[in-house]
Ligand SMILES: *[C@@H]1O[C@H](CO)[C@@H](O)[C@H](O)[C@H]1NC(C)=O
Ligand SMILES: *[C@@H]1O[C@H](CO)[C@@H](O)[C@H](O)[C@H]1NC(C)=O
Ligand SMILES: *[C@@H]1O[C@H](CO)[C@@H](O)[C@H](O)[C@H]1NC(C)=O
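As structure tokens, then:
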């Protein structure tokens, strides 16, 4: 068991900068007062009892009764936290330094000025004392497995690189707006100074479908790819929204959701950034939108606003195993290495009122967003069942292994298989073979390969999470269906009736198997600028009447980029070494990766090419190679990020490290595995095409499931002197 020490202030490992120059007593006093006032406003001194997760002692989850409104469903999607302590610590410090910067501005000083920046080191000790960060783990040397929170992957002093509950790094410097007090206001003005158009207006103009202009279906890729992509997203990122601290007598970390940001459309409030809705598709003319939470600065120094990531950045199956020890404890059965499952081998039941419709009994899994749509739940069930299958076999092969060893080995094997699926099957389809090759993203077919570089920050970057990886939103279709064993249709309905609804998963006449069979058979929508009305006009609606009481996911994406201070599309083009557009045409000086119709729409929405939001510019690019899913900009950002997930992960499955890696035989066996195998075994299908992300065809025919490779777990049989951990 690793020891964890915790600190009310961050310390050690923080190299205190050598302070040069003279202290300016006047300025020092001003800053000190600003800090003290911030402390009084935010009141960071919260008692922090340590909660140790052990079998049967899981700390009770705060169970907040869920209502049934679109805002409640939205909170289900992003509002919960599996680690209230860390969440509350981050809220406190993020907010503290935000208020501190405001107070400095109120005093008439400019926070970013040289004078203030030079003076801050003299206050470092005070600042750190006020700063509360989540528990800082102590790494046990030579521990062979990943920690659930992703810490200790990178060696000292950067043990928190890629860990859960840390700030998202950026590809391109933030562009916030400032007034005399705030320095972290969303980007709402264009280059020429006028106001950017409402995110909803842009969504309508550029990203909507019409009956005559629907997104075509892919001829090649299946829905399994779409929902696997979503599963991967939830493995590597969850950005928490701002919450308000509301400590309860028995729960000092209690925080409440910011609600009703659907008023004051003209003047945004502190935590609200509502979207103006001039069309009449929605009940409200102002769409609820809460800003994401400010993160405390690295080393506690109060820098500009950054956003947090509550998941580990590593491709480590956080979706299945959680991103904290505490969540993992809730998921394990503590018998023979198994993850807990329900009696009908679905996911186990979670706490009441958690993560699904309030009238239902919800499941629990590693990430809490998995009940958003049944297809995603199916992927979660696949990995749960495969884990238990592996653990069971390992138990038969190594009867002397105890629960902990069985669990960790099964987790390590499944994570290895998952990484192989990501880099061998998924990424080459997503970014194309050439880019995958050029960015060092392809796995070798056999043997070890050391790609680890400790200087690479594996953190999920802001432009990836908030824009590029949201490409998947355009792949979503209109329906949820299920297929019988003979591939005839069992059920079909529009997607909007299935948000957070687990009735089909629990219904044994439908269940994950029939939905999964459909996902493997059905092609996805093409990635293009068209976002289905199911999520663009009906996201999380609850009344199912016109006008809708739901949300617009595309408008959310645009607004989220502005909330995070994400610069325009052109900045990312330059970052990627691509030409920036200088005029609104699709010639060499313009939007060369767009079609003419799209450029005209962009021109009607933006007054300068530099103003185009990253999500809008990226999602509306054409692929530049036949058969590609992505356009060049998103392709570049996604390739860069997956390169970091690979090269920045000490536990990457191909790495040759003795204690943490696989033997060459084990690795070669892992490299034979495919997602089709997991699909077959977990869902007990009879037949499947070998490449399940691609449509069945004469080149990719359906085969009997027993022809699909299955891991040979005898390679994990422990023999003296052969395999020791
Ligand atoms: C010290 O700081 C104050 C407040 O910003 C400023 O007015 C003054 O010029 C500074 N003094 C020196 C010597 O820099
Ligand atoms: C496993 O899940 C069931 C609900 O599906 C629950 O009743 C049981 O307590 C869980 N077991 C453990 C060890 O958490
Ligand atoms: C397919 O299977 C379903 C359910 O078993 C059955 O009702 C249906 O008649 C079958 N259809 C064909 C064409 O075999």
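In full-length UniProt numbering, the protein residues as written are 1 to 725.
Even for Gly, the Cβ is constructed at its ideal location relative to N, Cα and C.
All values reported here derive from a predicted model rather than from experimental measurement.
*Considering only residues of the same chain and omitting the five flanking positions on each side of residue 57, which have a CB-CB separation below 6 Å?*
In this predicted model, residue 57 has a pLDDT of only 33, less than 50, meaning its place in the structure is not dependable enough to derive any value.
*asked:* Measuring straight from C-alpha to C-alpha, what distance separates residue 51 and residue 695?
replied: Residue confidence is low: residue 51 scores 34 on pLDDT, short of 50, so the model does not pin down where it sits. Its coordinate-derived value is still stated next. In a straight line, the C-alpha of residue 51 is about 48 Å away from that of residue 695.
*Going by the beta-carbon positions, is the gap between residue 215 and residue 526 smaller than 8 Å?*
yes
*Starting from residue 287, follow its DSSP beta bridges and name the residues at the other end.*
275
*Using three-state DSSP, classify residue 609 as helix, strand or coil.*
helix
*Whose CB is closer than 6 Å to a heavy atom of ligand 1? List the residues in chain order.*
24, 26, 27, 109 and 115
*Which class does residue 417 belong to by DSSP, given the choice of helix, strand or coil?*
helix
_For residue 508 and residue 38, I'd like the C-alpha separation in whole angstroms._
56 Å
*Would the C-beta of residue 348 count as close to ligand 2, meaning under 7 Å from any of its heavy atoms?*
yes
*Grab me the residues of residue 736's own chain with a C-beta within less than 8 Å of its C-beta, minus the 5 sequence neighbours each way, in chain order.*
Residue coverage of the chain in this structure runs from 1 to 725, which leaves residue 736 outside it and unanswerable.
_For residue 482, which residues in the same chain have their Cβ closer than 6 Å to its Cβ, ignoring the five residues on either side in sequence?_
490, 491, 510, 514, 515 and 518
*Let me know if residue 605 comes out buried or exposed under the rule of 16 or more other beta-carbons within 10 Å of its beta-carbon.*
buried
*Please state whether DSSP places residue 632 in a helix, a strand or coil.*
helix
*asked:* I want to check one thing, is the minimum distance from the CB of residue 488 to the heavy atoms of ligand 3 below 7 Å?
replied: yes
*Quick one: what's residue 493 bridged to in DSSP?*
480
*Report the rounded CA-to-CA distance for residue 673 versus residue 586, giving the unit in angstroms.*
43 Å
*Take every Cβ of the region 118 to 134, pair it with every Cβ of the region 292 to 307, and state whether three or more of those distances are shorter than 8 Å.*
yes
*For residue 89, count neighbouring Cβ atoms within 10 angstroms of its own Cβ and tell me buried if that reaches 16, exposed if not.*
buried
*In this structure, what does DSSP give as the bridge partners for residue 282?*
548
*Taking C-alpha atoms, which residue in 100, 80 and 25 lies nearest to residue 34?*
100
*asked:* Could you tell me the alpha carbon to alpha carbon distance between residue 217 and residue 470, rounded to whole angstroms?
replied: 18 Å
*Exposed or buried, residue 520, counting other C-beta atoms within 10 Å across all chains shown (16 or more means buried)?*
buried
*Let me know the secondary structure DSSP gives residue 712 once reduced to three states.*
coil
*asked:* Looking at residue 646: is its Cβ nearer than 8 Å to the Cβ of residue 451?
replied: yes
*Determine the DSSP secondary structure at residue 213, reduced to helix, strand or coil.*
strand
*Evaluate the contact criterion for the region 378 to 398 versus the region 341 to 355: three or more CB pairs, one atom per stretch, below 8 Å.*
yes
*In the DSSP assignment, find the alpha helix (DSSP H) that holds residue 325 and state where it starts and stops.*
325 to 331
*Roughly how many angstroms lie between the CA atoms of residue 698 and residue 677, to the nearest whole one?*
19 Å
*DSSP on residue 345, reduced to helix/strand/coil?*
coil
*According to DSSP, is residue 255 helix, strand or coil?*
strand
*If you compare alpha carbons, which of 573, 632, 560 and 254 is closest to residue 288?*
560
*Is it right to say residue 691 is buried, meaning 16 or more other beta carbons lie within 10 angstroms of its own, or is it exposed?*
buried
*Under the DSSP definition of a beta bridge, which residues are partnered with residue 309?*
166
*Leaving out the 5 sequence neighbours to the left and right, which residues in its chain are closer than 6 Å to residue 501 when beta-carbon positions are compared?*
357
*Say whether the region 531 to 540 touches the region 549 to 557, bearing in mind that this needs 3 or more beta-carbon pairs closer than 8 Å, one atom from each stretch.*
yes
*The alpha helix (DSSP H) spanning residue 522 covers which residue range?*
Counting along the chain, residue 522 falls outside any alpha helix (DSSP H), and DSSP gives it neither H nor E.
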